[in-house]
Amino acid sequence: MGSRYRKCCRIAQVSWFSSWRRARFSNPWSHHDHGLLDILRWKSGWRRTEAPVFGADDSPAQRRELSWAEISEWPLDGVRVFWLGHASFLIVGHGKRLLIDPIFSDYCSPWPFHLPSLKRKVSVPWSFADWPAIDAILLTHTHYDHCDLPTLRKFPASTPIIVAEGHGRWLRKQGFADVTEVPWWEKVALGEWSITATPAQHFTARSLFDRNRGHWCGWCLEAAGQRLWHAGDSGYAPIFREMGEKLGPMDLSMIPIGAYSPRWVMKGMHMNPEEAVRVFQETRSKRAIAMHWGTFRLTDEPMGEPPLRLAQEMAKQGIASERFQAGAIGQAWTV
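Count along the sequence shown starting at 1, add 190, and that's the number in my numbering.
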C-alpha cells in the first residue's frame, strides 16, 4: 500500500510523543506504569502475587479445527471474524482478508532458548500448510506475542503491513517491503475498508534498550456501515469513552480479558475482565469477542479464570452473556 495512504502527522506536534535521547512515545494521561525492577520483584517472588478469584482452574481455551474452505471462501454477505488464539484474528469480507497480530509459533519468546511459561498451550486451529492470499497484516505493536517474525515471514515479503507509528523502519530492516505507519486517530483506506488507529494504554519494547521507541494502538475497521474494533494490548483508560463517542457504536469488538495478575504490575498495561466489560460498555459495543487469554500463560492468574470473571461481571451488569463471548480458538463470528 505504501506511504501514499498515510496522512501526515509530525511527531513533535502530538502529546503522546516525548523526547529522551531518542524518540519515545508515552501514554498522554496519568496511569500506573511498571519497570524492569517491578518485573524482577514479581518473578523473583520478592513481592507476593494475588490469590486466584475462582480457584485453580488452569484450563486453556478450547480449540475448534478450521478448514481451508472456511477461510478461503468469501461470506455471502457481511464479514466473518475468526479468533486464531491470543490476540490473533482473521477478518474476511468486503473483498479483503486481513490478519491482526498473527502469532502461529509455539513460543512468544525474545530468547533463542524457550521458557515453559511462554509456550503455546493450544495448538493453532488448522492443519493446512498454505494460507490463501492475505491482503494486509495489521499490527497493534511489536511485543513478541503480537508481532511474531517467524509468522510474518510465512507470508510474501510484499504483503502490506499496517502498524502503529514508529515501527516502520524496524520492520523494513526485517525485510518487509510495504509498511504503512498510522498515528492515533488517523486512518488508511484498503479497498472498501477504512482502518483507523485507535488509542490504547500500553508500552512497547523488543529489548532492554528500545522501550517506547514505537507506539501502540488498536484498530477500528469500517466497511459498508459495519464497524469492527480490535483493542490491541491495553490497560483500562478514560480514552475508551471518548472512542465510543467518536467512533461507536461498534458492531463487533475484540477486547482483551487476560494477562492481568498481579495487578501491582499489570494494572496499567492489561485490563482485567471487569475492566473489559467497562470498555465494552464505554465503546458502545453491540457484541464482543474475548481475546488475550487461554493461549499463552503470560501472567499469574489461572488460564481458566478470565472467562469466569467475565461471565460474573456480565451478569452483575445485567448484560446478556452472548453479547460478550469467550469462545473457542478457531471459532468464527459473523457480522
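Yeah, the Cβ is synthetic: ideal placement off N, Cα and C, and Gly gets one too.
Coil, strand or helix - leucine 515 by DSSP: Here residue 515 is glutamine; the residue named in the question, leucine, does not match the sequence. Per DSSP, reduced to three states, the secondary structure at glutamine 515 is strand.
The beta strand (DSSP E) enclosing lysine 506, as first and last residue numbers: DSSP places lysine 506 outside any beta strand (DSSP E); the residue lies instead in the alpha helix (DSSP H), whose first and last residues are 495-506.
Strand pairing of proline 446, partner residues [DSSP]: Partner(s): Met481.
CA-to-CA distance, glutamine 515 to methionine 440, given in whole angstroms: Rounded to whole angstroms, methionine 440 and glutamine 515 show a C-alpha spacing of 15 Å.
For threonine 394, the first and last residue of its enclosing beta strand (DSSP E): First-last for threonine 394: undefined, no H or E at that position.
C-beta contact flag for tryptophan 328 and tryptophan 409 at 7 Å: At residue 328 the sequence reads leucine, which differs from the tryptophan that was named. Tryptophan 409 sits close to leucine 328, with the two beta carbons spaced by under 7 Å.
Helix, strand or coil at glycine 520 [DSSP, three-state]: If DSSP states are grouped into helix, strand and coil, glycine 520 belongs with coil.
Alpha carbon of tryptophan 406 to alpha carbon of histidine 331, nearest angstrom: Computed Cα separation, rounded: 5 Å.
Per-residue burial, tryptophan 258 [other beta carbons within 10 Å of its own, 16 or more giving buried]: Tryptophan 258 comes out exposed.
Span of the beta strand (DSSP E), counted from its first residue to its last, around glutamine 416: Annotation: the continuous beta strand (DSSP E) that includes glutamine 416 extends over 416-420.
Coarse secondary structure for isoleucine 261, derived from DSSP in three states: Note: isoleucine 261 maps to helix in three-state DSSP.
Short Cβ contact (7 Å threshold) for alanine 518 with arginine 270: Not in contact: alanine 518 and arginine 270 (Cβ atoms no closer than 7 Å).
Stretch pair the region 466-478 + the region 426-435: three plus CB contacts closer than 8 Å: Short answer: they touch.
is_contact[proline 496, chain C] using C-beta, thresh 7 Å: No chain C appears in the structure shown, which is made up of a single protein chain.
Secondary structure of alanine 277, DSSP reduced to three states: Note: alanine 277 maps to coil in three-state DSSP.
Rounded straight-line distance, which links the Cα of glycine 458 to that of alanine 522: CA-to-CA, the gap between alanine 522 and glycine 458 works out to about 30 Å.
Beta-carbon proximity of glycine 381 to glycine 285, cut-off 7 Å: Yes, Cβ-Cβ distance for glycine 381 and glycine 285 is below 7 Å.
Contacting residues, own chain, Cβ-Cβ under 7 Å from alanine 510 (five flanking each side not counted): None.
Closest by C-alpha distance to glycine 497, when choosing among Asp247, Ile351, Leu411, Arg417: Contrary to the premise, residue 497 reads as proline rather than glycine in this sequence. Closest in alpha carbon position to proline 497, among Asp247, Ile351, Leu411, Arg417, is Asp247.
Distance, glutamate 412 Cα to glycine 484 Cα: When rounded, the distance between both Cα atoms is 28 Å.
Whether alanine 326 touches leucine 288 by CB criterion (7 Å): Cβ atoms of alanine 326 and leucine 288: closer than 7 Å.
Buried versus exposed call for serine 348 [16 or more other C-beta atoms within 10 Å across all chains shown]: Per the 10 Å Cβ criterion, exposed.
Residue burial classification, leucine 500 (beta-carbon count within 10 angstroms, cutoff 16): Buried, by the Cβ-count rule.
Same chain, Cβ closer than 6 Å to alanine 505, five either side skipped, listed in chain order: For alanine 505, where only same-chain residues beyond five positions count, there are no Cβ hits under 6 Å.
Buried/exposed call for phenylalanine 318, threshold 16 Cβ in 10 Å: Exposed.
Arginine 212 (DSSP reduced to helix, strand or coil): Reliability fails at arginine 212, whose pLDDT of 47 lies under 50, so the model's placement of it is uncertain and no value is given.
Among Thr341, Asp335, Pro306, nearest to phenylalanine 320 - alpha-carbon criterion: Checking the sequence shown, residue 320 turns out to be aspartate, not phenylalanine. Ranking Thr341, Asp335, Pro306 by Cα distance to aspartate 320 puts Thr341 first.
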